[in-house]
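Residue numbers (the working numbering): 54 to 170.
Each residue gets a CB set at the ideal place from its N, CA and C atoms; glycine is no exception.
This one's a predicted model, so the numbers in the text were calculated from it and none came from an experiment.
Report on one structure; see the data block that follows.
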Amino acid sequence: QVQLVESGGGLVQPGGSLRLSCVASRSISSIASMGWYRQAPGKQREWVATTTRGGTTNYADSVKGRFTISTDNAKNTVDLQMNSLKPEDTAVYYCNGRLFTRLTYDWGQGTQDTVSS
54 QVQLVESGGG LVQPGGSLRL SCVASRSISS IASMGWYRQA PGKQREWVAT
104 TTRGGTTNYA DSVKGRFTIS TDNAKNTVDL QMNSLKPEDT AVYYCNGRLF
154 TRLTYDWGQG TQDTVSS
């Protein structure tokens, strides 16, 4: 399995930006797919964005054009750049990853992002 640790959350005003980072315990070249999910208070966890080792990226409609997912091979991280943030983006953000050798995903512990004036 792969251990994942998120960082970068915090408090930001509407319209502001945050960059989340998730560091993996293994080389991301061994990880087939990595993504970000979020869970707002009282709501179910929802998918935000995914990137695959093959270079495909996908985004939820709610964040398309505002969020960008990327990987850094040297740092073994998957990052989420979040721009034009809205109060409804407030949530705990989780990253996940699936090794090429496994069928299940591993998850990080989450990082809180609050968008409020």
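Buried versus exposed, by CB contacts within 10 Å (16 or more), residue i
i      : result
Phe120 : buried
Asn111 : exposed
Ala127 : exposed
Leu156 : exposed
Gly108 : exposed
Glu172 : This structure leaves residue 172 out entirely; the chain is present only between 54 and 170.
Thr154 : exposed
Gly68  : exposed
When the options are compared against residue i, the one with the closest alpha-carbon
i      : options                        : result
Thr105 : Gly68, Val76, Arg151, Ala77    : Arg151
Gln66  : Lys139, Gln162, Val116, Tyr147 : Lys139
Trp100 : Asn149, Gly68, Asn129          : Asn149
Thr164 : Met135, Ala77, Arg91           : Arg91
Ser137 : Arg98, Ala85, Ser78, Leu71     : Leu71
Inter-residue CB distance, residue i and residue j (contact presumed, cutoff 8 Å)
i      : j      : result
Val55  : Asp125 : Not quite, the Cβ-Cβ distance comes to about 15 Å (not below 8 Å), so this is no contact.
Gly62  : Tyr146 : 6 Å
Thr197 : Leu64  : With the chain covering 54 to 170 only, the question about residue 197 has no answer from this structure.
Ala102 : Ile122 : 4 Å
Cβ of residue i within 8 Å of any chain D Cβ
i      : result
Thr154 : In the structure shown, chain D cannot be found, because there is only a single protein chain.
Residue ranges of each beta strand (DSSP E) within the region 56 to 129, 3 or longer: 57 to 60, 63 to 65, 71 to 77, 84 to 92, 99 to 105, 110 to 112, 120 to 125
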